[in-house]
Amino acid sequence: MSSSYSSPLLRLGVVLPALTVLKLSAHLAGVSDVLLHDHQLSSPLTSFSQLQEGLYLFRHGIDPYNGGTFRHSPLLLALFSSVLPSSKVFMATLLALCDAVAAWALVRTWRARQNVPSSARDGLVAAAYLLNPYNFLPSLALSTSPLESALLLLAVMFASQKKAAPSLLSLAFLSHLTPNAILFLPPLLLLLLTDPHSHLASPQKISFKRHKVLPLAVEFLLYVGVLTVASTLVAGNLNWVAQTWGTWYAFTLPDLTPNVGMWWYFFTEMFDHFRPFFLMVFSVHLLIYVAPLCIKFQHDPLYALFILTGILATFKAYPTLADMGLFLSMISIFPETFPYLRFPIVTSLLHLHSALLLPLFHHLWLTQGTGNANFYYASTLVFACSNGAAILDCLFAGLRIAVGKEVDGYEVVQE
Amino acid sequence: MLLSRLATVFAAVTLCRAQISEYFDEKLTVTPLKDGKVASTLAFTTLLKNASPRNVERLHDDDDSQHYTLFPLALGQILREYGVTEMHLTLNAGKWNYDSWGHPVEPGVGTGAELWAWIGDGALSTVDARWKGLRNALAGLFCSSLGALDELRTTSPTEVFQPEGSLPSSTPHQLRHASHPSEHVCTENLTPFVKLLPCKASAGLATLLNPHRLFDANWHGMGVHVLWHEDEGVEVRLTFQTVSDPLRNYQARKQDWSFESLFGRKVERACPAARSSIVEVSLPQDSPYNLSPEPTLAEKDVAWFDIQPASKPVDISMSYMPDFNPGLAARLAKPSTPLSVQRTLKESSQAHGQLSVVLKNHESYPIQAVYLETMPWIVQFYLHTLTATLDGHPYTSAFSNLSYIPAVPHSRPSTFHVLLSIPANSTLKVTMDVTKAFLRYTEHPPDAQRGWDLPPAIIAPLNLDTNRMYTPTLLVDLATPDFSMPYNVIIFTCTLLAFLFGNVFNLLTRKFVVVSLKPAPSSTIKED
Numbered sequence: 461m462s463s464s465y466s467s468p469l470l471r472l473g474v475v476l477p478a479l480t481v482l483k484l485s486a487h488l489a490g491v492s493d494v495l496l497h498d499h500q501l502s503s504p505l506t507s508f509s510q511l512q513e514g515l516y517l518f519r520h521g522i523d524p525y526n527g528g529t530f531r532h533s534p535l536l537l538a539l540f541s542s543v544l545p546s547s548k549v550f551m552a553t554l555l556a557l558c559d560a561v562a563a564w565a566l567v568r569t570w571r572a573r574q575n576v577p578s579s580a581r582d583g584l585v586a587a588a589y590l591l592n593p594y595n596f597l598p599s600l601a602l603s604t605s606p607l608e609s610a611l612l613l614l615a616v617m618f619a620s621q622k623k624a625a626p627s628l629l630s631l632a633f634l635s636h637l638t639p640n641a642i643l644f645l646p647p648l649l650l651l652l653l654t655d656p657h658s659h660l661a662s663p664q665k666i667s668f669k670r671h672k673v674l675p676l677a678v679e680f681l682l683y684v685g686v687l688t689v690a691s692t693l694v695a696g697n698l699n700w701v702a703q704t705w706g707t708w709y710a711f712t713l714p715d716l717t718p719n720v721g722m723w724w725y726f727f728t729e730m731f732d733h734f735r736p737f738f739l740m741v742f743s744v745h746l747l748i749y750v751a752p753l754c755i756k757f758q759h760d761p762l763y764a765l766f767i768l769t770g771i772l773a774t775f776k777a778y779p780t781l782a783d784m785g786l787f788l789s790m791i792s793i794f795p796e797t798f799p800y801l802r803f804p805i806v807t808s809l810l811h812l813h814s815a816l817l818l819p820l821f822h823h824l825w826l827t828q829g830t831g832n833a834n835f836y837y838a839s840t841l842v843f844a845c846s847n848g849a850a851i852l853d854c855l856f857a858g859l860r861i862a863v864g865k866e867v868d869g870y871e872v873v874q875e
Numbered sequence: 016m017l018l019s020r021l022a023t024v025f026a027a028v029t030l031c032r033a034q035i036s037e038y039f040d041e042k043l044t045v046t047p048l049k050d051g052k053v054a055s056t057l058a059f060t061t062l063l064k065n066a067s068p069r070n071v072e073r074l075h076d077d078d079d080s081q082h083y084t085l086f087p088l089a090l091g092q093i094l095r096e097y098g099v100t101e102m103h104l105t106l107n108a109g110k111w112n113y114d115s116w117g118h119p120v121e122p123g124v125g126t127g128a129e130l131w132a133w134i135g136d137g138a139l140s141t142v143d144a145r146w147k148g149l150r151n152a153l154a155g156l157f158c159s160s161l162g163a164l165d166e167l168r169t170t171s172p173t174e175v176f177q178p179e180g181s182l183p184s185s186t187p188h189q190l191r192h193a194s195h196p197s198e199h200v201c202t203e204n205l206t207p208f209v210k211l212l213p214c215k216a217s218a219g220l221a222t223l224l225n226p227h228r229l230f231d232a233n234w235h236g237m238g239v240h241v242l243w244h245e246d247e248g249v250e251v252r253l254t255f256q257t258v259s260d261p262l263r264n265y266q267a268r269k270q271d272w273s274f275e276s277l278f279g280r281k282v283e284r285a286c287p288a289a290r291s292s293i294v295e296v297s298l299p300q301d302s303p304y305n306l307s308p309e310p311t312l313a314e315k316d317v318a319w320f321d322i323q324p325a326s327k328p329v330d331i332s333m334s335y336m337p338d339f340n341p342g343l344a345a346r347l348a349k350p351s352t353p354l355s356v357q358r359t360l361k362e363s364s365q366a367h368g369q370l371s372v373v374l375k376n377h378e379s380y381p382i383q384a385v386y387l388e389t390m391p392w393i394v395q396f397y398l399h400t401l402t403a404t405l406d407g408h409p410y411t412s413a414f415s416n417l418s419y420i421p422a423v424p425h426s427r428p429s430t431f432h433v434l435l436s437i438p439a440n441s442t443l444k445v446t447m448d449v450t451k452a453f454l455r456y457t458e459h460p461p462d463a464q465r466g467w468d469l470p471p472a473i474i475a476p477l478n479l480d481t482n483r484m485y486t487p488t489l490l491v492d493l494a495t496p497d498f499s500m501p502y503n504v505i506i507f508t509c510t511l512l513a514f515l516f517g518n519v520f521n522l523l524t525r526k527f528v529v530v531s532l533k534p535a536p537s538s539t540i541k542e543d
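As given, the protein sequences belong to chains A and B, one line each in that order. To convert, count from 1 in the first sequence and add 460; that's the working numbering. To convert, count from 1 in the second sequence and add 15; that's the working numbering.
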């Protein structure tokens with residue numbers, strides 16, 4: 461399975477720099493200006509124009525969190541206004557490097573899972589992340605979601621190498637960028653306390669030192685607290701909490717800009733009377749997946765984290781294509797499940813279908829005016845179907861692998 | 016007749032005893048414009064001498080009884096109820112063309128309804144609560160939907176809207192300004208306006224308020240202005256401005272006008288309550304004309320008529336000798352204002368746009384002007400894309416003193432305030448990218464595909480002696496959802512959510528078992 465692709469072109473040392481340079485040249489060719497305002501690739505929480513707007517206000521002494529539409533974390537404000545320049549070229553370089561770091565982290569996770577120092581599939585895993593259009597298009601659009609993907613993959617990599625502090629710190633940074641990331645804490649803690657090796661084929665009850673959970677959780681909360689204090693110092697007051705985190709959890713959903721998720725049109729068409737109830741339902745809905753996944757995949761927390769990535773990408777409030785790109789690229793580190801996927805062709809064709817329809821209907825609705833919002837909404841439904849198909853198939857394969865190959869005279873059923 | 020004389024004497028005696036005296040003046044200003052139209056401004060001023068605004072800190076106590084003879088009681092009650100020191104309400108229809116018509120006599124010419132007030136702070140109720148009460152009370156008084164001037168349209172641009180009168184120094188005051196460009200003005204608004212005048216529409220210059228002709232004009236606007244002058248008292252000024260087109264009504268191409276042709280009426284009687292009743296006519300400088308009757312006082316470019324002693328009915332008319340030639344006049348004449356402004360919104364998609372303002376300086380010295388934009392939250396600025404070009408070349412020193420209060424989605428508008436310097440005899444173009452919001456189903460108006468009216472921007476020149484200028488309103492086209500689909504959308508999304516949820520939990524809560532297909536040795540057959 462893994463030794464047939466051993467050509468020198470696919471070595472990690474070749475793939476990573478080559479694809480990074482390719483991405484940079486695509487940016488310099490002007491692709492970024494076309495994609496900058498694309499609603500599929502950047503949401504109001506990750507948009508580069510909003511980031512530049514916030515930086516401009518910050519530099520001119522106007523509080524960017526006093527009302528307004530700036531929803532990036534104060535940490536990004538601090539980063540780009542003091543340490544790093546905020547020009548488009550620099551942002552493109554930074555995001556290309558982030559993608560390279562994320563691909564490298566994925567490869568290291570793969571190596572830790574296989575318990576080998578290097579393998580022949582390294583280049584393929586890196587290419588699966590870097591060449592995925594769901595990943596490189598948002599970074600060409602200068603959205604900040606590649607930063608989030610990189611932080612999550614770094615957290616997973618450090619957890620696979622049993623380095624608790626860097627892993628929890630990365631997750632704390634990620635929680636400041638998107639509060640949804642706190643949902644990754646339980647599988648990450650389990651991963652830190654067990655091992656990343658593949659036990660999918662031989663599940664057994666988890667055994668970990670329970671007394672170590674609390675100190676790790678406290679450490680995570682400490683990192684989050686320190687970053688909160690730092691953010692408050694940068695922003696000058698506490699307005700940023702309502703503007704960044706409050707967008708997610710204050711049951712308001714103030715921004716109804718179209719994106720590839722299921723929330724925006726639902727809450728556009730919602731009557732005001734029912735809005736708080738359904739906001740609560742959609743928010744709590746995300747929470748209820750964590751515990752069952754961790755319990756069912758207690759023998760392989762990395763797989764639980766992987767499935768959770770897909771679920772969050774489908775059901776979160778302001779998704780972009782980069783969220784799903786992370787999930788689809790992470791499939792490459794679980795090749796043992798590939799024979800048990802029931803309908804990979806259907807899933808990939810559905811993804812192709814929705815990936816082609818989404819920008820087309822967006823253009824028809826907003827630019828050309830010959831289609832209406834229902835066209836785009838239908839394409840987001842197809843996208844959600846394709847995401848759901850991917851998640852269900854991976855979930856099935858991860859569970860089915862434990863039973864093993866089919867033998868004549870016996871059949872595997874669910875009960 | 017005898018009774019009315021006795022009543023007037025009794026009223027005068029009463030007023031003298033109370034030491035608060037009321038004076039009523041009326042004035043009509045008629046200005047022929049260079050494109051053949053005639054601008055006329057009727058101003059009715061009632062001065063309540065030695066009166067002062069209500070002490071805001073004692074707003075919750077019962078008010079002292081107020082006795083008015085000429086001062087409009089309904090308006091006075093509203094102002095004292097909410098502790099308002101200065102208030103300006105204008106209801107205008109049409110677009111004031113500064114390039115052809117020059118500056119108006121009353122500066123508030125923004126299309127639609129504009130209300131701004133300086134309200135004293137320090138009472139038990141907040142300024143915002145009293146602002147809301149003021150809006151609703153004025154809406155009831157003038158039969159217009161001023162209640163729509165809510166938090167979606169209210170800002171506080173103190174630098175541009177300085178008080179025109181004085182503010183009592185003992186209490187701090189706050190400014191509230193709101194603008195509703197899609198407000199329509201009609202005779203329903205004129206009727207309560209006329210009721211506030213002492214002589215109503217039966218005597219004096221107020222007889223010229225003929226709604227059929229006024230609302231037929233190219234531009235018309237009414238205003239209610241309440242000020243307090245520290246050494247004078249409380250002044251209420253009711254104004255009605257129109258720009259009429261005499262060329263429309265005459266077969267011959269002559270810009271002759273008269274009271275009969277402009278208003279359809281003549282002044283039959285003088286208002287006995289008026290202290291003065293003046294008509295001021297600007298005399299044309301470049302063509303021969305005939306003005307009748309003889310003015311009371313005439314200078315080179317202005318003529319005054321005193322209505323009260325004049326023989327009734329009074330019909331002032333001006334007739335011109337040659338026919339009107341618009342091409343020659345417009346081409347040879349200098350622009351009517353030192354600064355010309357044009358504002359446009361370029362939108363190629365329903366998600367983004369570009370706001371562009373072109374300012375032309377016709378004078379030979381640089382002009383400093385404050386540009387104020389109070390944009391509702393539906394159009395959001397990208398301030399980092401603010402650029403200026405001067406005659407086509409990039410110009411970096413156009414902006415200074417930038418102050419910006421961002422908009423709060425579904426609530427407060429954004430206030431953008433910048434000082435522009437325009438060099439002599441040049442054109443400054445300011446552009447800024449904007450992004451358009453996506454509204455909730457219930458926030459769209461019934462005619463959602465028409466678009467939203469954006470309030471006018473205000474340009475206040477600093478080193479000229481002209482008053483503030485208003486740009487025309489803009490129409491922005493926002494993306495609309497499908498209004499027939501709420502139930503369908505909820506069903507589709509919830510179905511998909513439930514389907515995926517159900518399948519995920521199906522996989523998570525059930526386990527796989529291996530079932531043997533071989534028949535059991537016993538008689539019962541296992542079903543798979």
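By construction, the Cβ of each residue, glycine as well, lies at the ideal position given by its N, Cα and C atoms.
Per-residue DSSP class, three states only, for residue i
| i | result |
| --- | --- |
| Glu101(B) | strand |
| Cys31(B) | For Cys31(B), the pLDDT reaches just 47, beneath the cut-off of 50, and the residue's location in the model is therefore unreliable, although a value from the coordinates is still provided. Residue state, collapsed to three classes: helix. |
| Pro187(B) | coil |
| Leu472(A) | helix |
| Ser503(A) | coil |
| Lys865(A) | coil |
| Leu522(B) | helix |
| Leu600(A) | helix |
Beta-carbon proximity of residue i to residue j, cut-off 8 Å
| i | j | result |
| --- | --- | --- |
| Ala632(A) | Leu652(A) | no |
| Val258(B) | Ala54(B) | yes |
| Tyr683(A) | Leu643(A) | no |
| Ile474(B) | Val373(B) | no |
| Ala218(B) | Ala285(B) | yes |
| Pro504(A) | Asp715(A) | yes |
Residue i versus residue j: straight-line alpha-carbon distance, rounded
| i | j | result |
| --- | --- | --- |
| Pro196(B) | Thr126(B) | 5 Å |
| Met500(B) | Thr840(A) | 16 Å |
| Val867(A) | Arg525(B) | 21 Å |
| Ala489(A) | Ala538(A) | 29 Å |
| Arg32(B) | Asn151(B) | Note that Arg32(B) scores a pLDDT of 42, beneath 50, so its modelled location is shaky and nothing firm can be said. |
| Leu139(B) | Glu129(B) | 27 Å |
| Val529(B) | Cys558(A) | 46 Å |
| Pro311(B) | Ile322(B) | The sequence shown places Thr at residue 311(B), not Pro. Each residue's Cα considered, the two are about 9 Å apart. |
| Leu182(B) | Gly135(B) | 9 Å |
Beta-carbon separation (whole angstroms), residue i vs residue j, contact threshold 8 Å
| i | j | result |
| --- | --- | --- |
| Met721(A) | Pro639(A) | Inspection of the sequence shows that residue 721(A) is occupied by Gly rather than by Met. Contact doesn't hold; Cβ gap of about 16 Å is too wide. |
| Leu229(B) | Phe255(B) | 7 Å |
| Leu607(A) | Ala494(B) | In fact, because the Cβ distance is near 29 Å, the residues do not count as touching under 8 Å. |
Practice task
Would you check if there are 3 or more beta carbon pairs closer than 8 Å linking the stretch 396-407 of chain B to the stretch 488-496 of chain B?
Solution key: Short answer: they don't touch.
Practice task
Specify whether the stretch 359-369 of chain B and the stretch 431-450 of chain B touch according to this definition: at least 3 beta carbon pairs, one from each stretch, less than 8 Å apart.
Solution key: Contact between the stretch 359-369 of chain B and the stretch 431-450 of chain B is present: 3 or more CB-CB pairs across the two stretches fall below 8 Å.
Problem - the stretch 190-207 of chain B contacting the stretch 64-84 of chain B, beta-carbon criterion three pairs below 8 Å - result: Counting Cβ pairs under 8 Å, fewer than three are found: no touch.
Problem - Contact the stretch 808-817 of chain A vs the stretch 607-622 of chain A: 3+ CB pairs below 8 Å - result: Fewer than three Cβ pairs drawn from the stretch 808-817 of chain A and the stretch 607-622 of chain A lie within less than 8 Å of each other, which leaves the two stretches out of contact.
Handout entry: Meets three-Cβ-pair contact criterion under 8 Å: the stretch 578-597 of chain A and the stretch 784-802 of chain A
Key = Yes: the two stretches touch, three or more of their Cβ pairs being nearer than 8 Å.
Handout entry: Contact set between the stretch 122-152 of chain B and chain D, restricted to residues whose Cβ is under 9 Å from the partner
Key = No chain D is part of this structure, whose protein chains are labelled A and B.
Handout entry: Validate contact between the stretch 507-515 of chain B and the stretch 843-854 of chain A using beta carbons, cut 8 Å, 3 pairs
Key = When C-beta atoms of the stretch 507-515 of chain B are compared with those of the stretch 843-854 of chain A, three or more pairs fall below 8 Å, so the two segments count as touching.
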